[in-house]
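Asks:
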Amino acid sequence: MLFPYELNNSYYATVRDFGDEFLEFSRRFDFRDDEEALEALCIGVYWYLYGTTALDLNSNIHQVLANLSQYRRAFPEDKQFIDELRGKLLTKFLFKPFQKNDEKLTPENLELLINFLEATGDYVDQIPHFRNFTCNLEDCLTLTKWFCKNSHRYLGEYTSNLNEYLESNANNHLMEEDVIFYHGHELEYHLNMLGAEIMNRIFRNDFEKRPRKAIILPGCMNANSKKCRAKEDRLGDVCTLCNPKCNVYKIVKQYPELEVYIVSHESTAFKGARREDMDELGIIGITCVLNLISGGWKSSNMSIPPQCVLLEHVACKSHWLDEDIYGSIDMDALKSKIRI
Ligand code: SF4
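So for the sequence shown, our numbering puts the first residue at -9; every next one is plus one.
1) Is Cys278 near the ligand SF4, judged by its Cβ being under 7 Å from some heavy atom?
2) For Arg202, tell me which candidate among His255, Leu248, Ile51 has the shortest Cα-Cα distance.
3) Can you grab the Cα-Cα spacing for the pair Ala305 / Ser326, in whole Å?
4) Which term fits Phe8, buried or exposed, when burial requires 16 or more other beta carbons within 10 angstroms of its beta carbon?
5) Taking the CB atoms as reference points, tell me whether Ile294 and Gly272 lie closer together than 8 Å.
6) If we ignore side chains and look at the alpha-carbon of each, how far apart do Phe260 and Leu184 end up?
7) Please classify Gln297 as buried or exposed, where buried requires at least 16 other C-beta atoms within 10 Å of its C-beta.
8) Can you tell me whether Val253 sits near the ligand SF4, meaning its C-beta is under 7 Å from at least one heavy atom of the ligand?
9) For Glu26 and Val242, I'd like the C-alpha separation in whole angstroms.
10) Looking at the ligand SF4, does it come within less than 7 Å of Leu231, judged from the CB to the closest heavy atom?
11) Determine the closest residue to Gly111 out of Tyr61, Met292, Leu231, with distance taken between C-alpha atoms.
12) Nearer than 7 Å: is that true of the beta carbon of Tyr239 relative to any heavy atom of the ligand SF4?
13) Based on Cα-Cα distance, which residue from Glu128, Trp136, Glu98, Asn140 lies nearest to Arg121?
14) Which residues mark the beginning and the end of the beta strand (DSSP E) in which Arg202 is found?
15) So, do the stretch 184 to 194 and the stretch 22 to 42 have three or more beta carbon pairs nearer to each other than 8 Å?
16) Nearest to Leu47 by CA position, among Ile206, Ala109, Cys232, Ser308, is which residue?
17) Between Ala220 and the ligand SF4, is there a pair consisting of the residue's CB and a ligand heavy atom that are separated by less than 7 Å?
18) Quick check: the Cα distance between Ser254 and Thr277, rounded to an integer number of angstroms?
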């Protein structure tokens, strides 16, 4: 089976080395902290990948798509109708082949880039970081140049099938709301891998101090989602231990001192969070690569410090595969995040 990315035993050591080299390079600039260096890199990479389309985006189309995306989050019961409409507009106006972008990144152009990201609906939790960004925009481009030169050397091994995967599925998800997400460029995979590594470092101390810890699992990790007997709870579905072969069962049994929730879609994560959760909780989020940065900032924007562990490959048919398969993770990587 062909996956857009696939991890192996060397992944966590390799991304740690890449994280070290990135942070060392970022010390040449005047970033306030490592989170600002990550914000700068995200802005630069998105400008490189999407700048040309962002400069072309009609302001009315931006407004319509941004409103639809907001409406979709407020009224999930209308998902089907809204997603159909968004899929058509996104494919017609935003889905363009990658075109190298040589335009200067000015404050006005950053606004246009943010409009593009807002229109896709995929970067909601990242956008506040870009709106508040005050460093030199030239630095974003210098960091990005460095990243483009080095990311393949470290992380190319884990995305070596991506081009073949995308070529053999070139018409998949056209006219669907995840069209931009599904056809993501290799650099965006590498950005999320490095971003997760940097976030794990940034939020580690705060995470360790939290009195409650929760593991947030994606729906693809349960053994048979149709027969799953998990019960709905405030922060997600809670496993009732119905099947010893299930990956969720194994994690719940192995870490009885932790809360474990299954969250089937990133957009519903933390919907029921209360003040006490924001004060007490630290989470270990498990997700596939393209959700890592958004998921990490979604959690930290709510004052819940995150740590993340990656699914070893994609597993669900809602975005990636013809059939659902079982998601799996490196259990040692999970253990190392839980160790305090
Ligand atoms: S063991 Fe838990 S997560 Fe797995 S199928 Fe049963 S209730 Fe669902």
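From the three backbone atoms N, C-alpha and C, an ideal C-beta is built for every residue, glycine too.
Replies: With the structure as the only source:
1) In the sequence shown, residue 278 corresponds to position 288, counting from 1. Not under cutoff, so the answer is no.
2) Taking the sequence shown and counting its residues from 1, the one referred to as residue 202 is at position 212. The shortest Cα separation from Arg202 among His255, Leu248, Ile51 belongs to Leu248.
3) Working through the sequence shown from its first residue, we reach residue 305 at position 315. Working through the sequence shown from its first residue, we reach residue 326 at position 336. About 23 Å.
4) By 1-based counting over the sequence shown, the position of residue 8 is 18. Its Cβ being crowded by 16 or more others within 10 Å, Phe8 is buried.
5) Residue numbering aside, residue 294 sits at position 304 when the sequence shown is read from its first letter. Residue numbering aside, residue 272 sits at position 282 when the sequence shown is read from its first letter. Contact flag set, yes.
6) Locating residue 260 in the sequence shown gives position 270, where the first residue counts as 1. Locating residue 184 in the sequence shown gives position 194, where the first residue counts as 1. Each residue's alpha carbon lies about 24 Å from the other.
7) Reading the sequence shown from its first residue, position 307 is the one you call residue 297. The residue in question, Gln297, is buried, as its Cβ has 16 or more Cβ neighbours within 10 Å.
8) What you label residue 253 is simply residue 263 of the sequence shown in a count that begins at 1. No, since every heavy atom of the ligand SF4 falls outside the 7 Å radius drawn around the Cβ of Val253.
9) Residue mapping note: residue 26 aligns to position 36 of the sequence shown, counting from 1. Residue mapping note: residue 242 aligns to position 252 of the sequence shown, counting from 1. Taking the straight line joining both Cα atoms gives about 35 Å.
10) On the sequence shown, position 241 is the one that residue 231 refers to. Yes, the Cβ of Leu231 comes within 7 Å of a heavy atom of the ligand SF4.
11) On the sequence shown, position 121 is the one that residue 111 refers to. Comparing Cα-Cα distances from Gly111 to each of Tyr61, Met292, Leu231, the minimum goes to Tyr61.
12) By 1-based counting over the sequence shown, the position of residue 239 is 249. Yes, the Cβ of Tyr239 comes within 7 Å of a heavy atom of the ligand SF4.
13) Within the sequence shown, residue 121 is the residue found at index 131, counting from 1. Answer by Cα proximity: Glu98.
14) For the purposes of this step, residue 202 is taken as residue 212 along the sequence shown, with counting starting at 1. Run containing Arg202: 202 to 208, per the beta strand (DSSP E) assignment.
15) yes
16) By 1-based counting over the sequence shown, the position of residue 47 is 57. Here the closest residue by C-alpha is Ala109.
17) In the sequence shown, counting from the first residue as 1, residue 220 sits at position 230. Flag set: Cβ of Ala220 near the ligand SF4.
18) Stepping through the sequence shown from its first residue, residue 254 is reached at position 264. Stepping through the sequence shown from its first residue, residue 277 is reached at position 287. Ser254 and Thr277: Cα-Cα distance of roughly 10 Å.
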